[in-house]
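> Here's a structure for you.
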Amino acid sequence: MLRNLRELHQYRALLWSLVQRELKARYRGSVLGFLWTFLNPTLLMLVYSLLFSVYMRSAIEHYTYFLFVGLLPWIWFQSSIAGGASAISDRRDLLTKVRFPAQVLPATVVATNLVNYLLSLPLMLILGLAYQVYPTWHALLFPLILFVQLTFTLALSYLISALNVGFRDLQHIVSNVLTLVFFVTPILYSYHDVEAKLDKYPVLAHLALYANPLAVLMRGYQAIFYEHTVPELVPLGGVFLLSVGLLWISSWVFEARREEFAELV
């Protein structure tokens with residue numbers, strides 16, 4: 001794990017160059033270009049807001065803002081894992097070059113989507129102001145939750161990208177699993193709703209809210225931006241420790257398969 005992190009630091013200039021190239025290429029040729037960075041999450045937010053606040057009549061106050069708080073980090077995670085799955089298998093052009101650092105490729109996908117997420121945050125803040133939901137000092141804890149999610153996302157991306165090289169069906173499986181995870185994570189609904197519906201089954205409620213790392217992360221974002229409270233630090237710490245362990249395992253798998261990448265892709 002430490003070797004991978006050292007090499008990422010060593011090749012940070014290459015990483016940033018690839019991120020810039022990916023950002024420029026993503027919307028090249030489109031009329032609106034870079035504006036799609038803001039339009040994509042906005043349109044998705046409008047669809048879900050219409051469905052849940054109008055047709056299903058969600059009781060959550062300022063539902064559109066509540067939704068945006070969780071939807072933006074989810075898009076970062078989902079795009080990073082879905083894109084990271086094929087980060088190695090789709091880059092034969094780079095891997096066949098002499099001594100190209102393969103570990104940069106999954107990190108590029110994660111970093112590119114992180115930049116998109118950060119660029120979308122002003123939209124969330126503007127929407128909050130429209131609802132008279134103003135930032136409080138709790139927002140200072142944002143980097144903490146962001147770092148935990150970055151560690152978790154990078155670890156999963158390394159593992160899936162390495163395994164997908166020898167088993168290409170994995171990227172399609174991952175895509176479907178992500179859809180399932182989205183709906184079992186409190187993004188479209190509040191975790192208070194889960195507690196209320198499962199009040200007779202406290203063990204199930206506990207599993208639903210704490211066994212899912214994404215649920216813990218989304219609750220953290222909702223706490224600091226929507227509820228203006230301190231997030232539960234113990235579950236966040238648990239997710240961080242899980243992420244570090246997963247990063248160690250994924251780095252080991254990545255290193256074990258690195259020599260095969262150029263041949264298998």
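According to our numbering, the sequence shown is numbered sequentially starting from 1.
Note that CB positions come from ideal geometry on N, CA and C, so glycine has one too.
1) Can you tell me whether N266 is buried or exposed? The criterion is at least 16 other CB atoms within 10 Å of its CB, across all chains shown.
2) Cutting at 7 Å between CB atoms, please list the residues of its own chain near V109, excluding the five before and the five after it.
3) Taking the straight line between their C-alpha atoms, what separation do you get for P143 and V133?
4) Using 8 Å as the limit for Cβ to Cβ distance, is A13 near chain D?
5) If you compare alpha carbons, which of Y27, I75 and W16 is closest to L214?
6) Between the Cα of L246 and the Cα atoms of V194, L150 and H138, which residue gives the shortest distance?
7) Take the Cβ of P202 as the centre, count every other Cβ of all protein chains shown within 10 Å, and call the residue buried at 16 or more, exposed below.
8) Does the Cβ of N176 have 16 or more other Cβ atoms within 10 Å, making it buried, or fewer, making it exposed?
9) If we count Cβ pairs, one from each stretch, closer than 8 Å, do we get three or more for the stretch 10-20 versus the stretch 43-50?
10) Taking just the CA atoms, how far does E22 sit from L274?
11) Sorted by chain position, which residues of the same chain lie with C-beta nearer than 8 Å to L14's C-beta, five sequence neighbours on each side aside?
12) Taking buried to mean at least 16 other C-beta atoms within 10 Å of its own C-beta, is V165 buried or exposed?
13) What residue range is occupied by the uninterrupted alpha helix (DSSP H) comprising H228?
14) Are E239 and V174 closer than 8 Å when you measure CB to CB?
15) On a Cα-Cα basis, can you pick out the residue from L43, A208 and V69 that is closest to E227?
16) Under 8 Å by Cβ, that's how I've got L159 and S243 pegged, so tell me the actual separation to the nearest angstrom.
17) Spatial neighbours of A107 within its chain, please: C-beta separation below 7 Å, excluding the five flanking residues on both sides.
18) Tell me, to the nearest whole angstrom, how far the beta carbon of L233 is from that of V216; I am working on the premise that it is less than 8 Å.
Reading from the atomic positions:
1) In this structure the chain extends from 1 to 265, so residue 266 is not present and cannot be described.
2) Excluding sequence positions up to five before and after V109, its CB lies within less than 7 Å of the CB of S80, G83, G84, A87 and S157, all in the same chain and listed in chain order.
3) So the two alpha carbons sit approximately 20 Å from each other.
4) Checking the listed chains, one finds no chain D in this structure; it contains a single protein chain.
5) The shortest Cα separation from L214 among Y27, I75 and W16 belongs to I75.
6) L246 has its Cα closest to that of L150, out of V194, L150 and H138.
7) It is exposed - the Cβ of P202 has fewer than 16 other Cβ atoms within 10 Å.
8) That one is exposed.
9) Judged by Cβ distances under 8 Å, the stretch 10-20 makes no contact with the stretch 43-50, as fewer than three pairs qualify.
10) Residue coverage of the chain in this structure runs from 1 to 265, which leaves residue 274 outside it and unanswerable.
11) Once the five neighbours on either side are set aside, the close Cβ partners of L14 are P101 and V104.
12) Per the 10 Å Cβ criterion, buried.
13) In the DSSP assignment, H228 falls outside any alpha helix (DSSP H), carrying neither H nor E.
14) The sequence as given places Val at residue 239; Glu does not occur at that position. When the beta-carbon positions are compared, V239 and V174 stay at least 8 Å from each other.
15) The shortest Cα separation from E227 among L43, A208 and V69 belongs to V69.
16) S243 and L159 do not touch by the CB rule: their CB atoms are close to 11 Å apart, not below 8 Å.
17) Correct list, in chain order: L8, L15 and L154.
18) Actually they are not in contact, since the Cβ atoms of L233 and V216 sit about 11 Å apart, beyond 8 Å.
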